[in-house]
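Down below is the structure, laid out as structure tokens.
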Amino acid sequence: MSACIVAAMVCRQFFLALLCLPALSSCVAVGFQRVSKTPAPVKSAPFAEELARVGKTSWTNGNAIRTLENGGNYYPAMLRSMREARETITFESYVCVDSEPTRLFSQMFAERARAGVKVHVILDAFGCSKYGEGNLQAMRDAGVQLHLYRPMNVLWPWKFIHRTHRRVLVADGKVGYMGGAGWAYCWDSHAENVNRWRDTQYELRGPVVAQLQDNFNDNWEEMTGQRLTGPAYYPALVAEGKLKAQMVPGSPEKQGDTLGSSYLLAFRSAQESIVIAHAYFIPNRPLLEALLQARKRGVKVQVIIPGEHIDFPASRSVNTRYLRTLLAAGAELYEFQPTMTHGKLVIVDGHLSMAGSANLDQRSFFINDENNLNVLDDGFSARQRDMVERDLQRSKKLGREDLNLSLGRRLQGAFCRLFEYQM
């Protein structure tokens, strides 16, 4: 088993242990926004306006977005953009494990800092607890401005449950990267075997990059009391393409839920199809009902989730009852077979694509800091659908017999459902 898988399992198990603290019951303090039960179709102007309201983020035009499948593609692209940076680099990540990818990025941060580039790094104190002290010290010695997000404080233990789960890299304020990836051995290469995970990052150019920089600034200002400003971080951005996009911040402590409400709006608006390819699929009751209502309208619903190589089997013990309900309603369910699939992607009516760091679970909606990219474009959605089709070729279609759990897994699911909002 790879170090990355072990780290991920320990991480989730530790979160479950934290649930035993009564103080943590106060962590979920928000719910979904009010969303119309019969909103406008996804391809309409009123839908775009409503999604901007729910996501609390305006739309930008003139963007170019490149889809990068697996670490063998996105690690080199990100390193190249950092190498070319001349003024600023901002980086935020939930999980980095001491490994070749983490060392390469740390060395690049240090190299650019020594070259006079202002480098700002936010690492989640829990998810990056295995970053490696040598990597951290090398960055500090080079002048990298490094902060660990919310380390454990015995005086405020309930704050530890709130993590930054964002993935942000912005170079010179002009090119950005975001998605679902982490930095570890298992994310490297091309998902060619059980030890190499399937994941996706997105390279952004155009006005939407400023919104990604805002996502980083959200936590930078929280930790330092200062906001990064000026043309080195926010240069004038010209049109780089033709895509209409928005970067929706998940910041539940500061502004309530945005991401779960966005999914709810999208599911209720669907008229043709909903494709969900998510690592951790634990929808709450409103989202499940929205999917069931979509099926009643004749909407085709496909859900692709990890198979036997999932890093957190307890999530399957919990979500199997939802999968049975969806299957009975006529949804198509698939398990990705070769390795763990860690991406987070939703495509609605072949026009709206929603991708980023947020899982389809209540922790992503109501506890973690996240960032999701929404794109309204048929061509972009078609490219996402092509990627999903390639994954479906390596997936198993599920029937009722595939959703039978052993007694042990049923007991595990019953216990974990007590803390479902934390998973």
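Residue numbering for the sequence shown follows our numbering, beginning at 441 and increasing consecutively. Glycine residues also receive a C-beta, built at the ideal position from the N, C-alpha and C atoms.
- Judged by beta-carbon spacing, residue 743 lies within the 7 Å limit of residue 716, meaning their Cβ atoms are closer than that value.
- In the structure shown, residue 516 adopts helical secondary structure according to DSSP, grouped into three states.
- When the beta-carbon positions are compared, residue 691 and residue 654 stay at least 7 Å from each other.
- DSSP lists 536 as the beta-bridge partner residues of residue 623.
- Looking from the CA of residue 736, the closest CA among 817, 713, 751 and 823 belongs to 713.
- Straight-line spacing of the CA atoms in residue 559 and residue 806 works out to 30 Å.
- By the C-beta density criterion, residue 497 is buried, having at least 16 other C-beta atoms within 10 angstroms.
- Straight across, the Cα-Cα distance linking residue 509 with residue 734 is about 29 Å.
- Using a Cβ-Cβ distance cut-off of 8 Å, the stretch 591-606 and the stretch 793-807 are in contact, since at least three pairs of beta carbons, one from each stretch, lie closer than that value.
- Scanning 613, 566 and 574 for the CA closest to the CA of residue 600 turns up 566.
- With fewer than 16 other Cβ atoms from the protein chains shown falling within 10 Å of its own Cβ, residue 826 counts as exposed.
- The alpha-carbon separation between residue 852 and residue 845 amounts to approximately 10 Å.
- Taking 7 Å as the cut-off, the beta carbon of residue 835 is found closer than this to the beta carbon of residue 776.
- For the options 664, 753 and 643, the alpha carbon positioned closest to that of residue 511 is the one of 643.
- Its chain contains 657, 660 and 661 as the residues whose beta carbon lies nearer than 8 Å to that of residue 667, once the 5 sequence neighbours on both sides are disregarded; these appear in chain order.
- For residue 690, the enclosing beta strand (DSSP E) begins and ends at 683-690.
- Its Cα nearest to that of residue 568, the residue 532 stands out among 532, 649, 486 and 855.
- Taking a contact to require three or more Cβ pairs closer than 8 Å, the stretch 676-689 and the stretch 484-501 qualify as touching.
- Spatial neighbours of residue 649 in its own chain (CB-CB distance under 7 Å, excluding positions within 5 residues in sequence) are listed in chain order as 610, 613, 614, 615, 616 and 677.
- Following the DSSP letters along the chain, one finds residue 720 in no alpha helix (DSSP H), marked with neither H nor E.
- Out of 760, 848, 693 and 637, the CA that lies nearest to the CA of residue 783 is found in 637.
- Between residue 855 and the set 839, 759 and 546, the nearest pair of CA atoms involves 759.
- Residue 794 sits away from residue 808, with the two beta carbons spaced by 7 Å or more.
- Out of 739, 821, 756 and 753, the CA that lies nearest to the CA of residue 771 is found in 739.
- Minimum Cα-Cα distance from residue 641 among the listed residues 554, 630 and 673 corresponds to 630.
- Residue 700 and residue 757 have their alpha carbons spaced roughly 22 Å apart.
- Of the residues 652, 745 and 838, the one whose Cα lies closest to the Cα of residue 720 is 745.
- Following the DSSP letters along the chain, one finds residue 775 inside the beta strand (DSSP E) bounded by residues 772-776.
- Here residue 486 is exposed: its Cβ has fewer than 16 other Cβ atoms, across all protein chains shown, within 10 Å.
- Counting C-beta pairs with one atom in each stretch, the stretch 542-549 and the stretch 514-532 have three or more that are closer than 8 Å, which means they touch.
- Taking C-beta separations shorter than 8 Å and ignoring five residues to either side along the sequence, the partners of residue 492 in its chain run 498, 499 and 686, following chain order.
- Counting along the chain, residue 489 sits inside the alpha helix (DSSP H) bounded by residues 485-495.
- Taking all protein chains in view, the Cβ of residue 619 is crowded by 16 or more other Cβ atoms within 10 Å, so the residue is classified as buried.
- The Cβ-Cβ distance between residue 761 and residue 730 does not fall below 7 Å.
- In the structure shown, the three-state DSSP call for residue 795 is strand.
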